[in-house]
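**Q**
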Amino acid sequence: MGKATIFFLVSYLFVLTASLYACLAGFLTKGHSLMESAASGVGFAIGALSLYSVCVRAHEVTHTVR
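Take the position in the sequence shown, starting the count at 1, then add 358; the result is the number in my numbering.
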C-alpha cells in the first residue's frame, strides 16, 4: 500500500505543478485566454487546499494515536 500511496502523491503533485505552470504561462503570454488561465489557477488552488487538508488530517491522526 505504501508504493501506491507514494505513486498517487507524486502524480498528484505533478498535476498540481502542471496546473500552476499553465496558469502562469497563460498570464505571461497572449496565447491563452484569461478564462483558461483563471480556471487553471482555481484548479491549482482547489488541489493544493485538498492536499493540505489530507496532510492536516493525517497529522491529527498520528498525533491522536501516539
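Built from N, CA and C at the ideal position, the CB exists for glycine as well. Source: prediction; values computed, not measured.
(1) In its own chain, which residues sit with a C-beta less than 7 Å from the C-beta of Ser501, not counting the 5 before and 5 after it?
(2) How big is the Cα-Cα spacing for Ser391 and Gly384?
(3) Note down the Cα distance separating Thr387 from Val414, rounded to an integer number of angstroms.
(4) How close, in whole Å, do the beta carbons of Ser369 and Cys381 come, if the pair is a contact with beta carbons under 8 Å?
**A** On the basis of the supplied data:
(1) Since the first residue shown for the chain is 359 and the last is 424, residue 501 is missing from the structure and cannot be characterised.
(2) On the sequence shown, residue 391 is found 33 positions in, with the first residue counted as 1. On the sequence shown, residue 384 is found 26 positions in, with the first residue counted as 1. Their backbone Cα atoms lie some 7 Å apart in a straight line.
(3) Translated into the one-based positions of the sequence shown, residue 387 becomes position 29. Translated into the one-based positions of the sequence shown, residue 414 becomes position 56. Looking at the two C-alpha atoms, the distance is approximately 36 Å.
(4) The residue given as residue 369 occupies position 11 in the sequence shown. The residue given as residue 381 occupies position 23 in the sequence shown. Actually they do not touch by this definition, with Cβ atoms about 19 Å apart.
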